[in-house]
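Scroll down for the structure; my scribbles are underneath it.
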Amino acid sequence: MNLLTAKPTPKVVVLPHFAFAALSFLFLAVLLFFSKEALVAHYFHPKLLTLTHVAVLGWATMVIFGSLYQLLPVILQVPLYSARLALFTFGFLAAGTLLLSYAFWTFSVGLPLHLAACFLVIAFLLFNLNLFQTTRQTKTWSVEADFILTSGLWLLITGIIGLLMAFNFSYPFLKESHLHYLKLHAHVGMAGWFLLLIIGVGSKLLPMFLLTHKLPVNLLSWSYYLINLGLLLFSVDHLFLHTPYQVVYGLAIGTGMFLFIIFVVVAYRRRLRKKVDAGMQLSLIAVVLMALPVVLVVAVSEPVIMPEKTRLQWYLVYGISIFLGFISALILGQTYKTLPFIVWMHRYQHLVGKQPVPQPKDLYSERWVQWQNISYLLGFISLLAGVAWAQPILLHTGSGLFLLTAIIYNINVFKLLGKGL
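Count the sequence shown with UniProt numbering and you get residues 1 to 421, in order.
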């Protein structure tokens with residue numbers, strides 16, 4: 001498989017997603033730098049809710065949507081169902097993210113929050129429609145398609161839970177507290193949307209960029225069923241049963257994650273491309289970082305005895321290890337494996353054979369990516385330690401390095417986008 005085997009999605013659909021995501025990452029880093037006190041507060045703090053949703057929606061989900069519109073035709077060997085539908089989805093997702101950020105930052109739990117939640121659910125509905133209509137065209141179904149299609153459904157469920165919580169602020173009708181449903185909302189989004197999607201896409205892209213063949217695809221099938229089974233049992237238990245077995249469901253999800261890690265390790269060992277560039281290096285580090293949340297979720301579980309204040313701090317460490325850990329690391333790394341190809345296809349592909357054209361890797365600075373990776377990893381480690389032990393110096397250092405990472409990332413991304421116009 002290569003990125004040139006299918007009809008590309010129009011650049012007017014794909015490139016705005018990367019632009020919005022890069023600016024959201026910069027906005028997130030600025031908010032993080034000036035809101036460090038929120039990182040040692042309760043996880044229901046308005047500023048922390050803002051930071052989380054900017055990271056989840058404006059940064060991660062936005063860049064994933066843009067990448068998928070380009071990569072689905074490659075992975076499934078069919079054209080995207082509707083570019084126009086993708087543009088409408090972008091509009092609703094962008095508007096919903098901005099309005100939700102304002103609503104949480106000011107804690108305006110009335111009309112702004114209601115509208116934001118409605119916009120986001122509409123975006124998720126349109127995305128699922130486009131996803132379903134695209135996947136149904138494929139003639140050869142694969143486990144990667146299972147991961148991607150199922151992740152879209154979990155995203156919609158996550159959005160619906162969020163919508164119900166948003167209206168519950170003004171018109172209380174839910175039986176349990178907001179924190180009860182927040183736990184469900186967060187875990188369905190993290191495991192159902194991000195984890196499944198990352199495995200589905202990563203299991204195609206990572207071996208492709210490493211030039212690896214003869215992979216243990218059966219590991220992916222086991223991973224798919226374990227993660228979905230664990231998440232489904234957790235959701236039912238959390239809503240209706242309230243048994244002490246939630247750690248078991250977490251271990252099922254964690255086992256699914258480790259099977260994917262094993263899959264990537266095999267792909268790495270069998271690779272034909274021995275030299276790994278900076279973008280791929282960070283992508284592989286991201287896969288290793290997937291193990292950290294599994295360890296942390298067991299450490300902060302109810303059976304483990306610790307002071308409640310300490311447990312709340314480590315809950316935040318757990319969240320950071322996901323959103324600013326392996327998810328952000330994978331996006332920061334894979335941006336330089338996908339966006340240069342996307343720009344190259346739209347700008348230079350038609351000139352091949354007619355005049356000299358650059359290669360995708362010539363469209364960005366490898367040295368800048370290396371500096372970005374260093375600042376990111378140092379910032380991530382400092383931030384984790386600062387939150388875990390409530391150390392202001394480490395929080396300041398970590399947030400400052402994240403801001404530097406975001407600045408470097410934006411310079412590189414907008415240079416690439418400028419070449420694609």
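For every residue, glycine included, the Cβ atom is placed at its ideal position computed from N, Cα and C.
Quick one: is residue i buried, meaning 16 or more other Cβ sit within 10 Å of its Cβ, or exposed?
i, result
"Lys-275", "exposed"
"Gly-379", "buried"
"Met-1", "Reliability fails at Met-1, whose pLDDT of 48 lies under 50, so the model's placement of it is uncertain and the value that follows must be treated cautiously. Label assigned to Met-1: exposed."
"Asn-218", "exposed"
"Val-294", "buried"
"Ser-221", "exposed"
"Ala-299", "exposed"
"Tyr-69", "buried"
"Pro-207", "buried"
"Phe-240", "exposed"
"Gly-418", "exposed"
"Thr-106", "exposed"
"Ser-301", "exposed"
"Ala-278", "buried"
"Ile-75", "buried"
"Gln-359", "exposed"
"Trp-389", "exposed"
"Phe-124", "buried"
How long is the line joining the alpha carbons of residue i and residue j, rounded to whole angstroms?
i, j, result
"Gly-159", "Ala-19", "23 Å"
"Lys-204", "His-213", "11 Å"
"Ile-327", "Ala-103", "25 Å"
"Ile-322", "His-185", "15 Å"
"Thr-243", "His-350", "60 Å"
"Ala-145", "Leu-195", "14 Å"
"Phe-137", "Val-78", "With the sequence shown as reference, residue 137 is identified as Gln, and Phe is not the correct amino acid for it. Each residue's alpha carbon lies about 6 Å from the other."
"Tyr-171", "Cys-118", "15 Å"
"Ser-375", "Leu-48", "23 Å"
"Lys-175", "Leu-292", "33 Å"
"Gly-250", "Val-56", "21 Å"
"Trp-344", "Phe-33", "35 Å"
"Pro-16", "Leu-416", "12 Å"
"Lys-36", "Thr-89", "32 Å"
"Val-12", "Leu-71", "15 Å"
"His-45", "Ala-38", "7 Å"
"His-238", "Val-247", "12 Å"
"Thr-338", "Phe-173", "45 Å"
"Pro-73", "Ser-235", "32 Å"
"Val-143", "Ile-393", "46 Å"
"His-53", "Lys-354", "46 Å"
"His-180", "Ile-381", "30 Å"
"Ser-399", "Val-352", "44 Å"
"Thr-140", "Leu-26", "40 Å"
"Ile-411", "Gly-58", "18 Å"
"Ser-223", "Pro-356", "44 Å"
"Ile-262", "Leu-289", "13 Å"
Less than 9 Å separating the beta-carbons of residue i and residue j?
i, j, result
"Val-40", "Gln-370", "no"
"Leu-120", "Pro-112", "no"
"Leu-197", "Asn-130", "no"
"Phe-341", "Met-280", "no"
"Leu-284", "Val-264", "yes"
"Ala-22", "Phe-260", "no"
"Tyr-318", "Gln-372", "no"
"Leu-31", "Thr-9", "no"
"Leu-93", "Phe-65", "yes"
"residue 423", "Ala-60", "Here the chain has residues from 1 to 421 only, and residue 423 is not among them."
"Phe-402", "Leu-383", "yes"
"Ser-101", "Met-62", "no"
"Gly-152", "Trp-193", "yes"
"Gly-96", "Ala-116", "yes"
"Leu-211", "Leu-272", "yes"
"Ile-253", "Ala-191", "yes"
"Ile-122", "Gly-200", "no"
"Val-287", "Gly-202", "yes"
"residue 426", "Ala-29", "Any property of residue 426 remains undetermined from this structure, which presents the chain solely from 1 to 421."
"residue 471", "Leu-215", "Only positions 1 to 421 of the chain appear in the structure, and residue 471 is not among them; the question remains open."
Kindly indicate if chain C contains any beta-carbon less than 9 Å away from that of residue i.
i, result
"His-187", "Absent from the structure: chain C. Only one protein chain is present."
Whole runs of the beta strand (DSSP E) within the segment 282-365, excluding any shorter than 3 residues
Correct list: empty.
Worksheet item: Along the chain, which unbroken stretches of the alpha helix (DSSP H) at least 4 residues long are found entirely within the segment 101-134?
Response: If only uninterrupted alpha helix (DSSP H) runs of at least 4 residues are considered, none is enclosed by the segment 101-134.
*asked:* Ignoring anything shorter than 4 residues, give me the alpha helix (DSSP H) runs that lie fully in the segment 135-175, in order along the chain.
replied: Assignment of alpha helix (DSSP H) within the segment 135-175, counting only whole runs of 4 or more residues, yields 143-170 in chain order.
Residue ranges of each alpha helix (DSSP H) run of no fewer than 4 residues wholly in the segment 23-56, ordered along the chain? As far as the segment 23-56 is concerned, its whole alpha helix (DSSP H) runs of at least 4 residues are 46-53.
Exercise for the section: Can you check the segment 196-242 for any alpha helix (DSSP H) of at least 4 residues that lies completely inside it and give the ranges in chain order? Expected result: Secondary structure within the segment 196-242: the alpha helix (DSSP H) runs of 4 or more consecutive residues, fully enclosed, are 196-210 and 217-236 (chain order).
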